[in-house]
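Below: one structure, written as structure tokens.
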Amino acid sequence: MRKVWKVLRVVIVAALAVGAIGFVIMSLWNWLAPAAFGGHLIGFWQAIGLFALARLLVGGLRGHGHHHGHWRHPMAHRWGRMSDEERERFRHGCGRRRGKARGSEEGQPA
5 MRKVWKVLRV
15 VIVAALAVGA
25 IGFVIMSLWN
35 WLAPAAFGGH
45 LIGFWQAIGL
55 FALARLLVGG
65 LRGHGHHHGH
75 WRHPMAHRWG
85 RMSDEERERF
95 RHGCGRRRGK
105 ARGSEEGQPA
């Protein structure tokens, strides 16, 4: 029974969030579009469709925040296993790839 209430709460919160997002997008569009470029007024469901289209075009189908920084944990693990000398060589290589010459600090030509 407890799981049913959890699911019901999630459904209610999601419905409220979709409603709020739809209302905000509809209000902003109806306020800005006619004055800015002569656009017509849209309804609630058109605003939801506009939001879905924008999300697909800009954010893709992946979930929010799950793929950002997916390289950080493995890189932190590798960095922790490197010696100070290996870290310096890595930094030097990164500097050259970005167009900086770290050799100029040591008296070598840039």
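Numbering (this note's numbering), first residue to last: 5 to 114.
C-beta: ideal position from N, C-alpha, C; glycine also.
These numbers were taken from a predicted model, which means no experiment stands behind them.
Distance between beta carbons of residue 54 and residue 29, contact taken as under 8 Å: 6 Å
Between the alpha carbons of residue 106 and residue 58, how many angstroms are there, rounded? Its pLDDT being 49, under 50, residue 106 is placed unreliably by the model, and nothing is read from it.
Would you mind sorting residue 51 into buried or exposed? The rule is 16 or more other CB atoms within 10 Å of its CB. buried
For residue 47, which option in 38, 79, 33, 56 has the closest C-alpha, if you only look at C-alpha atoms? 33
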